[in-house]
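Residue numbers (the working numbering): 12 to 432. Take a look at the structure set out below.
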Ligand SMILES: [Ca+2]
Ligand SMILES: [Ca+2]
């Protein structure tokens, strides 16, 4: 919305009262949905070809008699109504093609101008500004009235001219000084998670972030949590996956769907939380309202592979020798564990440390449902290693093909030790 574009108020340079003035090959300029009150040309371009020019859905006076020309180029100095160019005046399409290659010039109201061949097709030429149908032009209300022929007439189906409601909302504070600009992002909706899920699985979350402040908020990040309570506390677990939310004007919302992945957490029921501006890139007046909780909860379950039993090694052995190990791998977790591999070590201590030596030979364990176990015997071979006294360790899921939250309980040591000679 541009008002008071006039020489009396702003002085005069070369192009008095011009709305938009551009020169010298300005490329890809788009002027869309503006309302302007200018005493000179609404738009003026000159000097050289200006490619990619878009002028659409604008309302302005045409100003015959107060300006030399409307949109022209390359030395045209005659008074014309419309778009002119050297040697092309009289044919708007040729002028545009010559001086504004690729131009779009449609759905503009040019009030008070004559409809001539100097204008491209699909523009509007009411006889006066009052014929445009503003709600109260002299009173400064530039909404279009319900009776205006230019209501919903834009290329996008919106009213021609500026979006006065959006403008009022965005400038309320600046214009009347009655309030302090505030930014306040909130979550207005979050989808329910699946009824059940296992560790390391992903599911889709759809949510809506809204700016209920009275100024434009910059871009932000909405993140997701699983939480035992519907409010976010320090115990909430951040999920992998976040949603980028673009700039939001006052009252604007952004909805979207992303995949969120559950990390290894304690099993049990959880609410899904969506939290706006979770990295606090936007400075807000209120952060207490940034999270929304799902109404339903997801029950998170997980496999947990453990070693329940392991046989004793021989009392003594030599390096390079083989022996049999019988062990039991179980799943006391509450979700099915996929196939896994149990491997074996000799270790100076009953717990597995970096000093443990992996033996050649392993055992394939099939998928195990909750509470199930698998026993079996494997032949293992002692590699070249330091002599001494060692425990035999059997370690479930030792290649970590199954995602578990607790890997600390995966190994079991023999009761007796082998003396390695
Ligand atoms: Ca907030
Ligand atoms: Ca485990």
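The C-beta atom is built at its ideal place from N, Cα and C for all residues, glycine as well.
What does a CB cutoff of less than 6 Å around residue 427 pick up in its chain, not counting 5 residues either side in sequence?
323
Pair every Cβ in the stretch 192-212 with every Cβ in the stretch 276-290, then say whether three or more of these pairs are closer than 8 Å.
Flag = yes, the stretch 192-212 and the stretch 276-290 touch.
Determine the direct distance from the alpha carbon of residue 170 to that of residue 78, and round the result to whole angstroms.
Low local confidence applies: a pLDDT of 43 at residue 78 is under 50, so the model's placement there is unreliable, and no value is given.
Can the beta-carbon of residue 42 be found closer than 7 Å to that of residue 66?
yes
Quick one: complete beta strand (DSSP E) runs, 3+ long, within the stretch 201-241?
207-209, 213-222, 231-238
Can you find a heavy atom of ligand 1 that lies under 6 Å from the Cβ of residue 147?
no
State the beta-bridge partners of residue 406 as determined by DSSP.
When DSSP reads this structure, residue 406 sits in a beta bridge with 354, 422.
With a threshold of 8 Å, are at least 3 pairs of Cβ atoms found where one atom belongs to the stretch 257-264 and the other to the stretch 212-221?
yes
Quick check: the Cα distance between residue 378 and residue 353, rounded to an integer number of angstroms?
12 Å
Just checking my contact of residue 335 with residue 388 at CB under 8 Å: how many whole Å lie between their CB atoms?
5 Å
Are at least three pairs of beta-carbons, each pair with one atom in the stretch 203-220 and one in the stretch 315-322, less than 8 Å apart?
Under the three-pair Cβ rule at 8 Å, the stretch 203-220 does not count as touching the stretch 315-322.
In three-state DSSP terms, what is residue 182?
helix
Looking only at its own chain, which residues have a Cβ that is under 6 Å from the Cβ of residue 48, when we skip the five neighbours before and after it?
14
If you drop the 5 nearest sequence neighbours on each side, which residues of the same chain put their C-beta closer than 6 Å to that of residue 105?
99
Please confirm if the stretch 370-386 is in contact with the stretch 328-348, defined as three or more CB-CB distances below 8 Å between the two stretches.
yes
Output the residues surrounding ligand 2, defined as those with a CB atom closer than 6 Å to any ligand heavy atom, in chain order.
315, 316, 317, 415, 417, 418, 420, 421
Contact defined as beta carbons within less than 8 Å: I believe residue 134 pairs with residue 155. What is the distance between those atoms, to the nearest angstrom?
At roughly 16 Å, the Cβ-Cβ gap does not stay under 8 Å, so residue 134 and residue 155 are not in contact.
For residue 19, does the three-state DSSP call read helix, strand or coil?
Residue state, collapsed to three classes: helix.
Could you compute how far the alpha carbon of residue 149 sits from the alpha carbon of residue 46?
14 Å
Residue 228 and residue 283 look like a contact to me (Cβ under 8 Å); what is the Cβ gap, rounded to whole Å?
Going by Cβ atoms, the distance from residue 228 to residue 283 rounds to 24 Å, so no, they are not a contact pair.
Taking just the CA atoms, how far does residue 345 sit from residue 241?
24 Å
With the cut-off set at 7 Å, would you say residue 253 and residue 237 are in Cβ contact?
No, the pair does not count as a contact, with Cβ atoms beyond the cut-off.
Given a threshold of 16 other Cβ atoms within 10 Å of its Cβ, counted over all protein chains shown, does residue 29 qualify as buried or as exposed?
buried
Is the beta carbon of residue 268 sitting closer than 7 Å to the one on residue 217?
yes
Comparing the CB of residue 201 with every heavy atom of ligand 1, is any distance shorter than 6 Å?
no
Across which residues does DSSP place residue 328 in a beta bridge pair?
431
With residue 103 as the anchor, note down where its alpha helix (DSSP H) starts and where it stops.
103-110
If we ignore side chains and look at the alpha-carbon of each, how far apart do residue 357 and residue 266 end up?
56 Å
Within 7 Å (strictly less), CB to CB, does residue 68 reach chain D?
Absent from the structure is chain D; it holds one protein chain and no more.
For residue 309 versus residue 278, is the C-beta spacing smaller than 7 Å?
The answer is no: Cβ separation not under 7 Å.
Which residues have their C-beta within less than 5 Å of a heavy atom of ligand 1, listed in chain order?
195, 196, 295, 297, 300, 301
Closest by CA to residue 39, which one among 157, 423, 115, 403?
Closest option to residue 39, Cα to Cα, is 115.
In three-state DSSP terms, what is residue 114?
coil
Check whether the Cβ atoms of residue 432 and residue 410 sit closer than 7 Å, and answer yes or no.
no
May I have the straight-line CA-CA distance separating residue 108 from residue 55, to the nearest angstrom?
Near 16 Å, if we compare the C-alpha coordinates of residue 55 and residue 108.
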